[in-house]
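Contents: one structure, followed by commentary.
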Amino acid sequence: MAKHEDLPVPLYSKLDEVYGDGSQLEEAQLRISLLNSKFQQLFGHPPQIYARAPGRVNLIGEHIDYEGYSVLPMAIRQDTIVAIRKRDAGESEKFLTIANVNDKYTVCTYPVDPDQEIDLKNHRWGHYFICGYKGFYEYAKSRGLDVGSPVGLDVMIDGTVPTGSGLSSSAAFVCSSTIAIMAAHNVNLPKKELAQLTCECERHIGTQSGGMDQAISIMAKTGFAELIDFNPIRATDVQLPAGSSFVIAHSLAESQKAVTAATNYNNRVVECRLASIVLGIKLGMEPEEAISKVKTLSDVEGLCVSFAGTRGSSDPTLAVKEYLKEEPYTAEEIEQITSKSLALIFADSASSLDVLKAAKHYKLFQRASHVYSEAKRVYAFKDAVSSNSNEEEKLKKLGDLMNESHHSCSVLFECSCPELEELVKVCKDNGALGARLTGAGWGGCAVALVKENIVPQFILNLKEQFYDSRIESGIINKCDLGLYVFASKPSSGAAIFKF
């Protein structure tokens, strides 16, 4: 039997195959009906096909996927649905027209040129669709697939993943767009290839994505979190303990990953790369070899573990403590170690050069310490789930690991913010076994592990202690509270619908 990641994205003719029954199915039926009528109203034709991809919540393993380490997310029920119609070659409209059921997003029009550059200085919501469009044609070219000359596409989007929430609204958009474009061209790929492709697609928007968000959106299965491994991408089912639920709560500080990349997300990617190069050199590599071969902290983990072995340990953070100073490094200090300017080291990455322009210093010790300790926590989390301990002990262990993860994200990786700190504290004060920021950070959501029997009261307490003051000050409307705090079980992954 083929492995899950080797199968293509499933094609369904009925919504209940993905949305089950009950209120979730009713909501999906209403959404498809609205998509269909708005599509026909705008374009004069019905869509040919629909694709959907869910958002995700990362339970543990933050900011380590781009360092080559495994992560442990689950898909959530909120998703992005893309309705698409491929125009005939003879039709005069040679544009990509991208509309949204939500009127706050104005219609975006682009040429049908797969080689077009995305204008990163002029951030438009339709750019995420173009990421998938460019990626599809790059893939087709690399595989020698004949997909014909580019033609116009009519597209309409409906998304329920809150934007800027750290729940991967951008990955849900890019994945569903890529799948819709492929389906319109009668192309389908194994999920692992699609996960890799969509990760590369999102880099067109200027974010140096590590691949977790795309992998879980495409590979998720109902009822399971997934341990996602990279190089090669694969997913292992993780059955979470019974009697527990994850509550996702928005800090109401919006995380604009693409807009703030140079000082936040991409800055950390650059700092991790520099930490890995410096460690490689300190542990015996020639500077030129380290610069050319070392891309991530996982690349030098073996050297760090060998060093730790001389101290009777296998913990790579011993090498970090020995060879990286706690004080921030200046560019000049790093260049003395590497014997090469940072601008030359990152010459082939425009987004990294943007980081160098904005950075005043580099915290290599803190970033490496977080990555190595967080990577260990992911496997400790999986081991705790599959251990012979009773449910109570399992839940306590998982909660402790989530709390440690948040502390590391906050103190060592510095990707939290005051609103997230307040929200995580409120969660813990009200009975959460563990709570942590999730997603890139700098805003967005927290995820809390809560016993199932206290979930309604827990959410009510969050409303009173965190959200009520924000409702009163007009930050959100009371009727929208369900969009910002909700319990979630692991949901299903990407799918194609043809009715």
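If you're matching positions, the sequence shown starts at 3 in the working numbering and goes up one per residue. Quick reminder that beta carbons are idealized off the backbone N, C-alpha and C, glycines included.
Requested in this report: Per DSSP, which residues does C110 bridge with? Please list them.
Outcome: Partner(s): I100.
Query raised in the report: Do you know how far the Cα of F383 is from the Cα of V11?
Result: So the alpha carbons of these two residues sit roughly 28 Å apart.
Query raised in the report: At what residues does the alpha helix (DSSP H) containing E228 begin and finish?
Result: Run containing E228: none in the alpha helix (DSSP H); it sits in the beta strand (DSSP E), 227–231.
Requested in this report: Mark V296 as exposed unless 16 or more other C-beta atoms lie within 10 angstroms of its C-beta, in which case mark it buried.
Outcome: Looking at its Cβ environment, which holds 16 or more other Cβ atoms inside 10 Å, V296 is buried.
Query raised in the report: Which ranges does the alpha helix (DSSP H) cover as unbroken runs of at least 4 residues, wholly within the region 327–373, from first to last along the chain?
Result: Segments of the alpha helix (DSSP H) lying fully in the region 327–373: 333–340, 344–347, 352–360.
Query raised in the report: With a CB to CB cut of under 6 Å and the five nearest residues on each side skipped, what residues in its chain are close to I66?
Result: The residues are V373, E376, A377.
Requested in this report: Within the same chain, show all residues whose beta-carbon is closer than 7 Å to that of I347, passing over the 5 residues directly before and after it, in chain order.
Outcome: Excluding its 5 nearest sequence neighbours in each direction, I347 has C-beta neighbours in its own chain below 7 Å: I293, T340, listed in chain order.
Query raised in the report: Is F468 near L422, with beta carbons less than 7 Å apart?
Result: Contact flag unset, no.
Requested in this report: Taking K143 as the reference, give the member of N124, Q216, V163, D117 with the closest Cα.
Outcome: Proximity to K143 across N124, Q216, V163, D117 peaks at D117, based on C-alpha coordinates.
Query - L439 beta carbon less than 7 Å from that of S471 - result: Cβ atoms of S471 and L439: not closer than 7 Å.
**Report entry** Cβ distance (whole Å) where D81 is taken to contact V163 below 8 Å
**Finding:** Their Cβ separation, rounded to whole angstroms, is 7 Å, which keeps D81 and V163 in contact under 8 Å.
Report task. Would you check if the distance between the CB atom of G57 and the CB atom of I78 is smaller than 7 Å? Result -> The Cβ atoms of G57 and I78 sit closer than 7 Å to each other.
Report task. Inspect the beta-carbon positions of S354 and V449 and report whether they are closer than 7 Å. Result -> Between S354 and V449, the gap from beta carbon to beta carbon reaches 7 Å or more.
Query - Within 7 Å, strictly: CB atoms of L326 and L366 - result: Their beta carbons are under 7 Å apart, which means L326 touches L366 by this criterion.
Query raised in the report: Between R313 and the rest of its own chain, which residues show a CB-CB distance below 8 Å, the 5 nearest in sequence each way excluded?
Result: Within the same chain, R313 has close Cβ partners L320.
Query raised in the report: Between V307 and G282, which are expected to be in contact by the criterion C-beta below 8 Å, what is the C-beta distance as a whole number of angstroms?
Result: No, V307 and G282 are not in contact; Cβ-Cβ is about 13 Å, not under 8 Å.
Requested in this report: Could you tell me the boundaries of the beta strand (DSSP E) in which I250 lies?
Outcome: Start and end: 246–252.
Query raised in the report: Quick one: Cα of I279 to Cα of L305, how far?
Result: Note on geometry: alpha-carbon atoms of I279 and L305 lie some 12 Å from one another.
Report task. Evaluate contact between the region 166–178 and the region 128–148, counting only Cβ atoms and requiring at least three cross-stretch pairs below 8 Å. Result -> By the Cβ criterion, the region 166–178 is in contact with the region 128–148, since at least three pairs of Cβ atoms, one from each stretch, lie closer than 8 Å.
Query raised in the report: If you draw a straight line from the C-alpha of A496 to the C-alpha of E335, how long is it?
Result: Distance between the alpha carbons of A496 and E335 is about 46 Å.
Requested in this report: Determine the extent of the beta strand (DSSP E) in which D156 is found, giving its start and end residues.
Outcome: It spans 155–161 - the beta strand (DSSP E) in which D156 sits, taken as one unbroken run.
Query raised in the report: Which partner residues of N60 appear in the DSSP bridge assignment?
Result: P75, per the DSSP bridge assignment.
Report task. Could you have a look at G433 and say whether DSSP puts it in helix, strand or coil? Result -> Secondary structure of G433 (DSSP, three-state): coil.
Requested in this report: Closer than 7 Å by C-beta to M221: which residues in its own chain qualify, once you throw out the five before and the five after it? Chain order, please.
Outcome: Same-chain partners within the cutoff: H6, E7, K193, A197, E228, A237, G495.
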